[in-house]
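When the letters of the sequence shown are read in order and numbered with numbering that gives the first Met the number 0, they come out as residues 0 to 421. For each residue, glycine too, the CB sits at the ideal point set by N, CA and C. From a predicted model like this one, the values you see are computed outputs, not experimental measurements.
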Amino acid sequence: MRESGAKVLVVTGEWRGFDYAAMANSIAIETPGLKVVVVERSNLPEGDPKSLGAEPTGALGTFSPGMQIEAPLRWLFYTSGTTADPKGARHTDMTVAHSGYAMVDAFQLTSADRNALIFPFTHIGGAGWLFAGLIAGTPQVIVEAFLPATTIPVLERERVTVAGAGTFFHLAYLEAQQHADHPLFPETRLFVGGGAAKPPQLHYDVKEQLGGVGILSGYGLTECPILSMARTTDTDEQLSKTEGPLTAGVVVKVVTIEGEVVGRGVEGEIRVKGPQMCLGYTEPALNATGFDDEGYFRTGDLGIVDADGYVTITGRLKDVIIRKGENISAKEVEDLLFTHPAVADVAVIGLPDLASGERACAVIVLAENAAAPELTELFTFCKDAGLMIQKIPEQLEILPALPRNPTGKVLKHELRKKYSEV
């Protein structure tokens, strides 16, 4: 609160056993001038729904390449803090609305759809979906807290046609379907991906077991949401392996780890400009490292942009494991291990190693009724699949579930801390 400079803090009273009012009041004591507004749910008036009328006409949004719109600051979104301290990204209504326009266009949303809004509103993805619903007149089934046992029956009852919101949620849908005696998503035409890496096989599992066209993934960050988004007309190859084509107005530059700007089809760090780019950080000192000297935002993500503008994310700069001087993409290994029949979920991390600098450690969640594999079994599996021997994990750990934040991202820093101490 002090870092953002906020003057008013709005909270609910008590929710899921936590007293937010008490928390807010304790913050106010330490923050001079801060006002607290407590909204008790029992005192809220009945809603007054209004029709949005006819479908929108004309262009859904015209964005020229690299354009940035001058507009007042309206939103502060904080990054998830999975790799560093949370950073406050400064947004306007238009930089956030771009996500809504992009999703309406890519998914061909209309008022006949019913969307399951899974992302929290405090996440820029949730705000983008709010805009999408308003732009297209799409009814939203707003999920207060994602609990598979209670949330999925609601989505079934509401007959959602679009369901989100990322790998963690898709895995929950699949598990529920495996225990059901009837289709849980009979009217769902697409499942939205984003927020975390997607194993290619997951698209085919969702398409075969849940229905629709499968997973339509998008790529973006808190600072620059929806940089790319898959479309309903994309092929299965594109849907399974890419995050879709660049959205309107986005300009991309790909830079190798050595600092060389490269062309389409070559891996490097993705840097971007576009109408959805934030105005910078609440802490000005962070802008120097967040943006390069040409004004491109440094995403910190490694990827490839092909000739048609489709984006494939291959890893994070900070998620590259350097073993004996060779770079290993954690995502490449994760995607392969995800296809092992005993693996329901997986994260690959780098751990300090005196002999090699870093060693690859696979942390897996077992599939239901699966026996725990030995490390030697996974070695053989990876080797037979064609993975280079130096990329094969040298350590195996098993957990009942991977630690994730509310949007489904694996908290790898927690895993590194846990197993670095072993």
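Give a yes or no on whether the C-beta atoms belonging to G12 and V36 are separated by under 8 Å. When the beta-carbon positions are compared, G12 and V36 stay at least 8 Å from each other.
How long is the line joining the alpha carbons of I321 and E393, rounded to whole angstroms? Approximately 13 Å between the Cα atoms of the pair.
Going by other Cβ atoms of all chains shown within 10 Å of its Cβ, with 16 needed for buried, is S41 buried or exposed? Exposed, by the Cβ-count rule.
Residue of T234, L116, E39, A135 minimising C-alpha distance to G150: As written in the sequence, residue 150 is Thr, which differs from the Gly given in the question. Minimum Cα distance to T150 is reached at L116.
Collapsed DSSP secondary structure at G192 in the structure displayed: In this structure, DSSP gives G192 an extended state, which the three-state scheme calls strand.
In angstroms with no decimal places, state the Cα-to-Cα distance between A164 and L189. Distance between the alpha carbons of A164 and L189 is about 11 Å.
Contact under 8 Å by Cβ, H201 with L238: As written in the sequence, residue 201 is Leu, which differs from the His given in the question. A distance of 8 Å or more separates the beta carbons of L201 and L238.
Using CA atoms only, rank isn't needed, just tell me which of E293, V249, V253, V7 is closest to G267. If you compare the alpha carbons of E293, V249, V253, V7 with that of G267, the shortest gap goes to V253.
Within its chain, find whatever has a CB closer than 6 Å to the CB of W128; leave out the 5 residues flanking it on each side and keep chain order. Here the set comprises L116.
Whose C-beta lies closer than 6 Å to the C-beta of G99 among residues of the same chain, with five residues either side of it excluded? The answer, listed in chain order, is G127, F130, A131, I134.
C360 by DSSP, collapsed to three states: which one? Here DSSP, grouped into helix, strand and coil, assigns C360 to strand.
Which value, in whole angstroms, describes the spacing of the CA atoms of A162 and G299? Whole-angstrom Cα-Cα distance: 28 Å.
Is L357 near L350, with beta carbons less than 8 Å apart? The sequence shown places Glu at residue 357, rather than the Leu named in the question. Judged by beta-carbon spacing, L350 lies within the 8 Å limit of E357, meaning their Cβ atoms are closer than that value.
In the DSSP assignment, what are the bridge partners of E13? DSSP lists D18 as partners of E13.
Coil, strand or helix - Y172 by DSSP: It is helical.
Using only the alpha-carbon positions, how far apart do D291 and V260 sit? Distance between the alpha carbons of D291 and V260: 12 Å.
As an exercise, report each continuous beta strand (DSSP E) stretch of at least 3 residues that is fully enclosed by the segment 60-143, in chain order. Within the segment 60-143, the complete beta strand (DSSP E) runs of at least 3 residues are 74-77, 87-90, 114-116, 139-141.
Does DSSP put V249 in a helix, a strand or coil? For V249, the secondary structure class from DSSP, reduced to helix, strand or coil, is coil.
Where does G314 fall in DSSP's three states? For G314, the three-state secondary structure derived from DSSP is strand.
What did DSSP end up calling Y203 once you bin it into helix, strand or coil? Reduced to three states, the DSSP call for Y203 is helix.
Please list, in chain order, all residues of the same chain as R156 whose beta carbon is under 6 Å from its beta carbon, the five residues on each side excluded. Cβ-Cβ distances below 6 Å link R156 to nothing in the same chain once the five nearest sequence neighbours on each side are left out.
I need the boundaries of the alpha helix (DSSP H) containing D383, first residue and last residue. Element bounds for D383: 374-383.
Alpha-carbon spacing of V347 relative to Y77, whole angstroms: Cα-Cα distance, rounded: 26 Å.
Opposing strand residues paired with Y218 [DSSP bridges]: DSSP output for Y218 lists S227 as bridge partner(s).
Quick one: using the 10 Å Cβ neighbour count with 16 as the cut-off for buried, is M0 buried or exposed? In summary, M0 is exposed, with fewer than 16 beta-carbon neighbours lying within 10 Å of its beta-carbon over all protein chains present.
Apply the 10 Å Cβ neighbour rule to E222 and answer buried if 16 or more other Cβ atoms are within range, or exposed otherwise. E222 should be labelled buried.
Do S79 and N404 have their C-beta atoms closer together than 8 Å? Taking 8 Å as the cut-off, the Cβ atoms of S79 and N404 count as close.
Run through DSSP, which three-state label would G267 get? Under the three-state reduction of DSSP output, G267 falls in the strand class.
Under the rule that 16 or more other beta-carbon atoms within 10 Å means buried, what is S328, buried or exposed? When all chains shown are included, S328 counts as buried.
Which residue wins for smallest C-alpha separation from H178, given the options G194, L209, R158, G193? Selected option, being the one with the closest Cα: L209.
When you measure from the CB of P399 to every non-hydrogen atom of the ligand ADP, does any distance come out below 7 Å? With respect to small molecules bound, the structure shown includes none, and the ligand ADP cannot be examined in it.
Nearest-angstrom Cα separation, counted from G262 out to L401: Here the alpha carbons of G262 and L401 stand approximately 36 Å from one another.
Cβ-based neighbour list, H339, same chain, cut-off 6 Å, excluding 5 preceding and 5 following: Counting only Cβ-Cβ distances below 6 Å, and skipping sequence neighbours, we find F380.
Distance between L353 and G125 (C-alpha atoms, nearest Å): CA-to-CA, the gap between G125 and L353 works out to about 43 Å.
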